[in-house]
Amino acid sequence: MSHTNLTGVEKVYVYEAPVRLWHWINMLAILVLGVTGYFIGNPLPTMSGEASDHYLMGTIRFLHFSAAYIFAVGFLGRIYWAFVGNAHARELFYVPIWKASWWQGFIEELKWYAFLKKEPAKHEGHNPMAQFAMFFMFVLGSILMIVTGFALYGEGTGPGSWANSLFSSWVIPLFGQSQDVHSWHRLGLWIITVFVIAHVYVAVREDIMSRQSMVSTMISGWRFFKDKR
Ligand code: HEM
Ligand code: HEM
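Letter by letter, the sequence shown follows residues 1054 to 1282 in this note's numbering.
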C-alpha cells in the first residue's frame, strides 16, 4: 500500500497493529526484566527485619516472573504473526545473509552510520544492519533468555511442573549445572542491554537524519518519506 499525498510526501503502511502493540509491550516487559534481573543477580545489602515481613526479594522475583510470562507469550505471539502478517512482519526472522545484495545494503548502511555517506538509503522495512542486530542480538538473545529463564524457574517449581519437564530437564545438563545456566542468563541481560542502547540511538538518529519517519512508524504503522523518491 503506497500513497502520495498533495505535498508530494510518500507514505507506506509497514507495521501492522499487532507488531506495534507487541513492540511496546515487549519493551516494557524487558525494562522490568532487566531491572529486576539485575537485582536478582546483585541483591541489595541485607535489610533489617524479617525477610518475610518486607518480602523485598520476593516482590522483585514476582515482578521478574510476571514480566517473563508476558515477554515469552508475546514472543510466541510475534512468531505467529510472522506467518499471518504482511511481508514486513517476517523481516525480524528472515535475514538473507546468503544474498550479495543484502550485504551491499549492509555495507552502505555501515558507511551511513559512520558518517561516510551523505545520502541515506531508503527502506520500507528494516535496513539490513538493523535486521542483523534485531535477529542476532534480539531474537537469538530472547530465545536464550526464555530457555534459560524457564529452566531456572522450573528448578523452583520443582519436578513434575511443566517448566521443569519442558526446560530444566534438558537445559541444565546441556549447560552443565544450575550455576552455568545462571551465568548464561546473566550474560543475556547484557546482550539485550547493548542491543537496546544501540537500537534507541539509531532509531532516533535515523528519525532526525534519514528523512524518513522511524519512531512514529512504530506508533502509527506508516513510514513517511520526506523527500520525493
Ligand atoms: C527494550 C527495549 C526495546 C526492544 C527490545 C526493541 C526491539 C525492537 C525490535 C525487535 C524491533 C523489530 C520489530 C519487528 O520487526 O517486529 C524494533 C523496531 C523498532 N523499534 Fe524498538 N525496541 C525497544 C525500544 C525502542 C524504543 C525506546 C524506541 C524509540 C525510541 C524504539 C523504536 C523502534 C523503531 C522506530 C522500530 C522500527 C525500526 C525500523 O523500521 O527499522 N524501540 N524494536
Ligand atoms: C530479557 C529477558 C530477561 C532478562 C534481561 C533477565 C535477567 C535476569 C538476570 C540478570 C538474572 C540474575 C541471574 C543470576 O545472576 O543468577 C535473572 C534471574 C532469573 N530469571 Fe531472568 N531475565 C529475563 C527473562 C527471564 C525469563 C523469560 C524467565 C522465565 C521464567 C526468567 C526467569 C528467571 C529466574 C527463575 C531467575 C533466577 C531467580 C533466582 O535465582 O532467584 N528470566 N534474570
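From the three backbone atoms N, C-alpha and C, an ideal C-beta is built for every residue, glycine too.
Counting only runs that start and end inside the stretch 1185 to 1242, there is no beta strand (DSSP E) element of at least 3 residues. Beta-bridge annotation (DSSP): Phe1278 is paired with Glu1063, Gln1265. Counting along the chain, Leu1081 sits inside the alpha helix (DSSP H) bounded by residues 1070 to 1094. A distance criterion of 7 Å places the beta-carbon of Ile1196 beyond contact range of ligand 2, judged by its closest non-hydrogen atom. In this structure, the straight-line span from the alpha carbon of Ile1078 to that of Phe1220 is close to 25 Å. Per DSSP, Ile1150 lies in no alpha helix (DSSP H) segment and is marked neither H nor E. About 12 Å separates the Cβ atoms of Gly1158 and Pro1173, ruling out a contact at the 8 Å cut-off. With contacts defined by Cβ atoms closer than 8 Å, Ala1082 and Gly1202 do not form a contacting pair.
Contact between the stretch 1188 to 1206 and the stretch 1239 to 1256 is present: 3 or more CB-CB pairs across the two stretches fall below 8 Å. Separation of Trp1237 and Arg1258 (C-alpha to C-alpha, rounded to the nearest whole angstrom) is 32 Å.
The beta carbon of Leu1086 sits closer than 7 Å to at least one heavy atom of ligand 2. In the three-state reduction of the DSSP assignment, Ala1174 falls in the coil class, being assigned neither a helical nor a strand state.
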